[in-house]
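Letter by letter, the sequence shown follows residues 91 to 621 of my numbering. Down below is the structure, laid out as structure tokens.
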Amino acid sequence: MSLSRLNLILTNIIADMKRFFKNIKWMFAGLTLLAVVPSCTDLDEEVYDQLSGDILFQNEENVIYAFGGAYTNLYDLIGHKYNVGSDCGTDLLVVPQRGGDWEDGGEWHRYHWLTWTPSEGYISRSYDLNYKGIVLVNKLIATLELVETDAAKVAIAELRGLRAYYYLNLIDQFGNVVINDKFPVTDEFPKNSPRDSVYMFIKNELLEAMPLLAKENGGNYYGRITYYAGQILLAKLYLNAQVYTGIPQWEKAEAAIDSIMAGPFALETNISDNFIEDASNSKEHIFGVPFDQIKAQALEIHLFTLHYAMVSVFGITESGWNGLSAQESLYNLLAQDANDDRLNGLLYGPMYDKDGNPVQDASFEKFDPLNPKKPKDPDGINLNHTPFINMLQPNCLRQSGARIKKFNFVEGTGRYMGNDVPIYRYADVLLMKAEVRLRQGDASGALIYVNEVRTRAGAAPFAEVTFDNLLDERARELFAEGFRRSDLIRFGKYLDARWEKPDVSPDYVTIWPIPADEIGLNANLVQNPGY
């Protein structure tokens, strides 16, 4: 990342800090702030953004208040991840072109075919948002390092854990990236480091930070990097170590997983309880982001997936954009067991409003005598979300495809949702435990953990666990949560031909290209192979 790019990023940091302080949900559900709010009668109160580091960081409450802004970047990052369909480009989700809608220069087609270029918007956005978080963390750490207090040391550990999360995203998506842990940046045109070096950096950061991280969950630690959040970051790193470095680390992954399982976590009674507006009391969330319709605006899954005519079904106040859909393969996985509650995470079949009347789409595809081969909606004006999708492009039917209903759609929701989004939750940990057991030859041990997840969902237990049905189970439990790409790569299935992707993809697409804009700004960056 060049200094010019750094300057662009820093222009947004102050605004992000102010955005954080206005978010009451974070301030009171996520952080201990009451002790630092000045009294209205204190005529000598000092303005925090004008205080020097030695005053601002003299106690734990002030430290937390100051570095809270490092987390606001997650609103845009996680909102972007979910809004653009985190499992697109896999066998689970897709954004088809419906006539003139969602053509977008072919970007979504290339995403599905794994034929992207270094100029794709979603690739640049992910790269920029992760580095924006890293820059902000580095700036705060540089200030904290000037303060010799225990509170500052603990805060630095938490910030290093958060920085490790951003780098875990970068190593997974881009592989060979610039390692920057200093502020200000001294090298105007840094080189990117090889993937195995990035792996070692993340590992060392987490191992050094972990002893100082709080062994807490929820309450004042909700939405923050704790000891357990650090352990799941480490577990994810080790779980994918063979992909990142060529050397598997199943035993180390299991040790990190076991540390989480020894903590205060359990499955919620209902899987849907993980995706409500306020999950601050969740016993399943390990690390997540609490969005808010007013104070933390970024989450638009409802608009991204719902049909234009679906306003009357859920009582939302803005029309959907009719984009993100479940592929039929996901529907089929969820429908294999009629008692599997996770099928409720999809919206499919004939649609009815709150009064029981059929939802109608006046713009449904009719027979066109000038283009008789153009697909016609077989259901007519009544909206019927069929799991079958007739094509990827150019004329996918407006009604085709089940829609994503995993996150609770709250009546009265406008442009932005206020749901809490789990980045990591305990069900994933159980499935990770099953995987490391299976990879170490213990299929019977793996079966216990898979069936714990299936039992919560109401599905019949497996008689045996294999790599194939474990991968399928991860799809059922974790669809639309952003893990499918990494899972398919780790299980050796990512490059395969699938629906509307007839060809096996080349190996190099398992990592994304460094964005073209970054290469243009910094000639020392080496583009990833194949691009």
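By construction, the Cβ of each residue, glycine as well, lies at the ideal position given by its N, Cα and C atoms. Treat the numbers as computed from the prediction; the structure is a model and nothing was measured.
Threonine 316 and alanine 304: beta carbons closer than 9 Å?
yes
Beta-carbon separation of alanine 536 and arginine 544 under 9 Å?
No, the Cβ-Cβ distance between alanine 536 and arginine 544 is not below 9 Å.
Is the beta carbon of leucine 226 less than 9 Å from the beta carbon of glycine 159?
Here leucine 226 is near glycine 159, since their CB atoms are less than 9 Å apart.
Assuming leucine 329 and alanine 343 make a contact with CB atoms under 8 Å, what is their CB distance in whole Å?
About 5 Å separates the beta carbons of leucine 329 and alanine 343, which is inside the 8 Å limit, making them a contact pair.
Counting along the chain, where does the beta strand (DSSP E) carrying aspartate 510 start and finish?
510 to 515
Between proline 603 and tyrosine 621, is the Cβ-Cβ spacing less than 9 Å?
yes
Using a Cβ-Cβ cutoff of less than 6 Å, which residues in the same chain neighbour tyrosine 201 once the five nearest sequence positions on both sides are dropped?
Taking tyrosine 201 as the centre and dropping the five residues before and after it, the same chain places the C-beta of Cys178 and Gly179 closer than 6 Å to its C-beta, in chain order.
Is threonine 407 buried or exposed, if buried means 16 or more other CB atoms sit within 10 Å of its CB?
exposed
How big is the Cα-Cα spacing for lysine 464 and proline 605?
Rounded to the nearest angstrom, the gap between the Cα atoms of lysine 464 and proline 605 is 37 Å.
Three-state secondary structure assigned by DSSP to histidine 475:
When DSSP states are grouped into helix, strand and coil, histidine 475 belongs to the strand group.
Is methionine 522 closer than 9 Å to histidine 392 when the C-beta atoms are compared?
no
Taking only the alpha-carbon atoms, compute the straight-line gap between aspartate 431 and asparagine 612 and give it to the nearest angstrom.
50 Å
Could you have a look at alanine 386 and say whether DSSP puts it in helix, strand or coil?
strand
Using the beta-carbon count (16 or more within 10 Å), is alanine 492 buried or exposed?
Here alanine 492 is buried: its Cβ has 16 or more other Cβ atoms, across all protein chains shown, within 10 Å.
What is the rounded straight-line gap between the Cα of phenylalanine 404 and the Cα of leucine 473?
15 Å
Excluding the five sequence neighbours on either side, which residues of its own chain have a C-beta within less than 6 Å of the C-beta of proline 619, listed in chain order?
Cβ neighbours of proline 619 within its own chain (closer than 6 Å, five residues either side excluded): Tyr598.
Would you report the Cα separation of serine 362 and aspartate 368, rounded to the nearest angstrom?
12 Å
Can the beta-carbon of alanine 565 be found closer than 9 Å to that of aspartate 577?
yes
From what residue to what residue does the beta strand (DSSP E) around phenylalanine 377 run?
375 to 380
Quick check: what's the CA-CA separation for methionine 91 versus proline 274?
With a pLDDT of 49 at methionine 91, under the threshold of 50, the modelled position of that residue is not reliable, and the figure given next carries that caveat. Whole-angstrom Cα-Cα distance: 12 Å.
Please state the DSSP three-state secondary structure of glycine 502.
Coil.
Is it true that the CB of alanine 517 sits closer than 9 Å to the CB of arginine 546?
Yes. Within cutoff.
Buried versus exposed call for alanine 416 [16 or more other C-beta atoms within 10 Å across all chains shown]
buried
Exposed unless 16 or more other CB atoms sit within 10 angstroms - verdict on aspartate 593
exposed
Bridge-paired residues (DSSP) for serine 415
Val184
Beta-ladder partner(s) of arginine 493, from DSSP
Leu437
Where does lysine 326 sit, in a helix, a strand or coil, going by DSSP?
helix
Do the stretch 287 to 297 and the stretch 305 to 312 touch if we need at least three Cβ pairs shorter than 8 Å?
Judged by Cβ distances under 8 Å, the stretch 287 to 297 makes no contact with the stretch 305 to 312, as fewer than three pairs qualify.
Once the 5 residues before and after proline 354 are set aside, which same chain residues still bring their CB inside 6 Å of it?
Around proline 354: Asn307.
Find out if the Cβ-Cβ distance for the pair asparagine 412, aspartate 181 is shorter than 9 Å.
no
CA-CA distance, leucine 302 and glycine 223?
21 Å
Below 9 Å between beta carbons: does that hold for arginine 515 and glycine 313?
no
Nearest CA to the CA of leucine 300: which residue from Gly265, Arg250, Trp340 and Tyr334?
Here residue 300 is methionine; the residue named in the question, leucine, does not match the sequence. The shortest Cα separation from methionine 300 among Gly265, Arg250, Trp340 and Tyr334 belongs to Arg250.
Among Phe394, Gly189, Thr205 and Lys171, whose alpha-carbon lies nearest the alpha-carbon of tyrosine 256?
Lys171
In terms of residue numbering, what span does the alpha helix (DSSP H) encompassing lysine 342 cover?
340 to 351
What does the Cβ neighbour count give for glycine 410, buried or exposed, with the cut at 16 atoms within 10 Å?
Glycine 410 comes out buried.
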